[in-house]
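Peer 1:
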Amino acid sequence: MKPSTHRMLTRIKSVYMFINERGTVTTQELVDEFGITPRTIQRDLNVLAYNDLVHSPSKGKWTTTSKKVRMSS
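Per the UniProt record's numbering: the sequence shown = residues 1 to 73.
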């Protein structure tokens, strides 16, 4: 696996865990927490949403779904 792919997957996992711990977060909170651009956060959220792990109950807010997730290190 390329180092850039590994970094991306690690970041997406961290984003998911952050949302899961907080309940509902805004896109801006994610930008501030992870120090990356809104576009990068949006790409990460799109990956999570595509896999039915997060959804947006209202514009700019995100929460996790009830889909079971097994975390590996």
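Glycine is no exception: its CB is placed at the ideal position from the N, C-alpha and C atoms.
Model, not experiment: these values are computed from the prediction.
In this structure, does DSSP put S58 in helix, strand or coil?
Peer 2: Strand, per DSSP.
Peer 1: Please name the residue, chosen from R7, T24, G60 and T65, that lies closest to L48 on a Cα-to-Cα basis.
Peer 2: Nearest C-alpha to L48: T65.
Peer 1: With the cut-off set at 9 Å, would you say I41 and T63 are in Cβ contact?
Peer 2: Contact flag unset, no.
Peer 1: Considering only DSSP beta bridges, list what T64 is partnered with.
Peer 2: BP columns for T64 point to V54.
Peer 1: Around the C-beta of Y50, are 16 or more other C-beta atoms found within 10 angstroms, so that it is buried, or is it exposed?
Peer 2: Y50 should be labelled exposed.
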